[in-house]
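Just below is one structure, and these are the notes that go with it.
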Ligand SMILES: C[S@@+](CC[C@H](N)C(=O)[O-])C[C@H]1O[C@@H](n2cnc3c(N)ncnc32)[C@H](O)[C@@H]1O
């Protein structure tokens, strides 16, 4: 491991200003630490969010509590979903888009020591302090990924970005960022959540959460229902050999089989944090008062811990090749 290399937005883009401030670009060489004490957060409802450098606000916080959620999310996804699904070979340059705490990027860099992994996020606060030699971190906007790091990539990885503001533009820029023959791989979970018995769940708190969070996010310019559109977006974007895998994971202790029950209990913890992380900004857009949001979150905990509403998360992964 080496000390981190984090630099801020240095690239050209064809859509004008990404909105990223020129905070610190004093990197002198590869793997030089350029971490500064830059304040890139604002405080709302006892949570910290990245400061709004870009138009459209990112929904989730970037505080330590969120970083713990991202790390636990990585552990669950890593065990259940593997490091990658695209058929990769001879990798040189890899880009992880919306890297968060960078757990995937670092695991990938260790698994592929001959590849150079660039990990990008709008939020500086969540980035790790130590990275493998072949992994460096950049602060930049995912919607302008062409030209990030001033190179083209063999493989783009995007996992649970939850920040698609202009998906068509995103896939066009992803195309430009890839070398011919390169792969893009995207994982998102489906919203609304799925229910074993949708009729029974129709008036559930989880359903209320899903509907209002999706609509509130959309008011902020973010599409949380992107999972069902990715295949079409890839096809329309000119990608080939599009493949998809779907995993359905239980939320809560409701499954009968021991293994599924254990997974459900793990996801119950994860989802209680996730429901809270997603709730505040979108529900504010829906004109909910803080007390109403608190009340919804408290009721949701009871619902998830009960065995009545059998909810699942569907994780969808797509991979495709640039011809
Ligand atoms: C839910 S986290 C997922 C982190 C990581 N991919 C993982 O799977 O653990 C989403 C991350 O994407 C980042 N993000 C969202 N929109 C972005 C954008 N437009 N450009 C760059 N990063 C973005 C957020 O700051 C956040 O750290």
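Numbering (our numbering), first residue to last: 189 to 511.
C-beta atoms are modelled at their ideal positions from N, C-alpha and C, and glycine is treated no differently.
Exercise. Quick one: give me the first and last residue of the alpha helix (DSSP H) that residue 269 is part of.
Key: 252–269
Quiz item: Per the contact definition of three or more C-beta pairs closer than 8 Å, is the region 467–482 in contact with the region 421–430?
Solution: no
Self-check item: Heavy atom of ligand 1 within 7 Å of residue 337 beta-carbon
Solution: no
Quiz prompt | Expected contact under 8 Å - CB spacing of residue 540 and residue 501 to nearest Å | solution = Look at the range of the chain in this structure, 189 to 511, and you will see that residue 540 is not part of it.
Exercise. Confirm the yes/no value for this check: CB of residue 311, any heavy atom of ligand 3, distance under 7 Å.
Key: Ligand 3 is absent from the structure shown, which contains only ligand 1.
Quiz item: So, are the CB atoms of residue 323 and residue 293 less than 8 Å apart?
Solution: yes
Exercise. With a threshold of 7 Å, establish whether the CB of residue 490 neighbours any heavy atom of ligand 1.
Key: no
Quiz item: Which word fits residue 359, buried or exposed, when buried means at least 16 other C-beta atoms lie within 10 angstroms of its C-beta?
Solution: buried
Quiz item: Which first and last residues belong to the alpha helix (DSSP H) in which residue 548 is found?
Solution: Limits of the chain in this structure are 189 at one end and 511 at the other, which puts residue 548 out of reach.
Self-check item: Helix, strand or coil at residue 151 [DSSP, three-state]
Solution: Shown here, the chain extends from 189 to 511; a query on residue 151 therefore has no answer.
Self-check item: Cβ neighbour criterion (16 or more within 10 Å) applied to residue 277
Solution: exposed
Quiz item: Ends of the beta strand (DSSP E) at residue 448?
Solution: Looking at the DSSP string, residue 448 is not in any beta strand (DSSP E); the run it does join, the alpha helix (DSSP H), is 446–473.
Quiz item: Shortest alpha-carbon distance to residue 349 belongs to which of 402, 309 and 451?
Solution: 309
Quiz item: Using DSSP with H/G/I as helix, E/B as strand and the rest coil, what is residue 296?
Solution: helix
Exercise. Keeping to the same chain, check which residues put their C-beta closer than 7 Å to that of residue 411; ignore five residues upstream and five downstream.
Key: 352 and 355
Exercise. Report the rounded CA-to-CA distance for residue 390 versus residue 362, giving the unit in angstroms.
Key: 38 Å
Quiz item: Considering only the beta carbon of each residue, do residue 392 and residue 379 sit closer than 8 Å?
Solution: no
Practice problem: Pull up the distance between the alpha-carbon of residue 258 and that of residue 247, whole angstroms please. | Solution: 14 Å
Quiz item: Is the closest heavy atom of ligand 1 to the C-beta of residue 376 under 7 Å?
Solution: no
Self-check item: Buried or exposed (CB count within 10 angstroms, at least 16 for buried), residue 333
Solution: buried
Exercise. Out of 314, 230 and 263, state which residue places its alpha-carbon closest to the alpha-carbon of residue 254.
Key: 314
Quiz item: To the nearest angstrom, how far is it from the Cα of residue 237 to the Cα of residue 476?
Solution: 19 Å
Quiz item: Is residue 503 helix, strand or coil when you go by DSSP?
Solution: strand
Exercise. Would you please state the rounded distance, in angstroms, between the beta carbons of residue 373 and residue 345? I believe it to be under 8 Å.
Key: 5 Å
Quiz item: For residue 478, which three-state DSSP category applies?
Solution: helix
Quiz item: Among residues of its own chain, excluding the 5 on either side of residue 456, which ones have a beta-carbon nearer than 8 Å to its beta-carbon?
Solution: 439, 440, 441, 492 and 493
Quiz item: Ordered along the chain, which non-local residues of its own chain (more than five positions away) have a Cβ less than 6 Å from that of residue 297?
Solution: 305, 320, 322 and 323
Quiz item: Going straight from the alpha carbon of residue 225 to that of residue 272, what length do you get?
Solution: For residue 225, the predicted model reports a pLDDT of 45, less than 50, meaning its position is unreliable; a value from the coordinates is still stated below. Near 34 Å, if we compare the C-alpha coordinates of residue 272 and residue 225.
Quiz item: Quick one, are the C-beta atoms of residue 369 and residue 510 less than 8 Å apart?
Solution: yes
Quiz item: With 16 other CB atoms within 10 Å as the buried threshold, where does residue 230 fall?
Solution: exposed
Quiz item: Are residue 402 and residue 420 touching if we call contact CB-CB under 8 Å?
Solution: no
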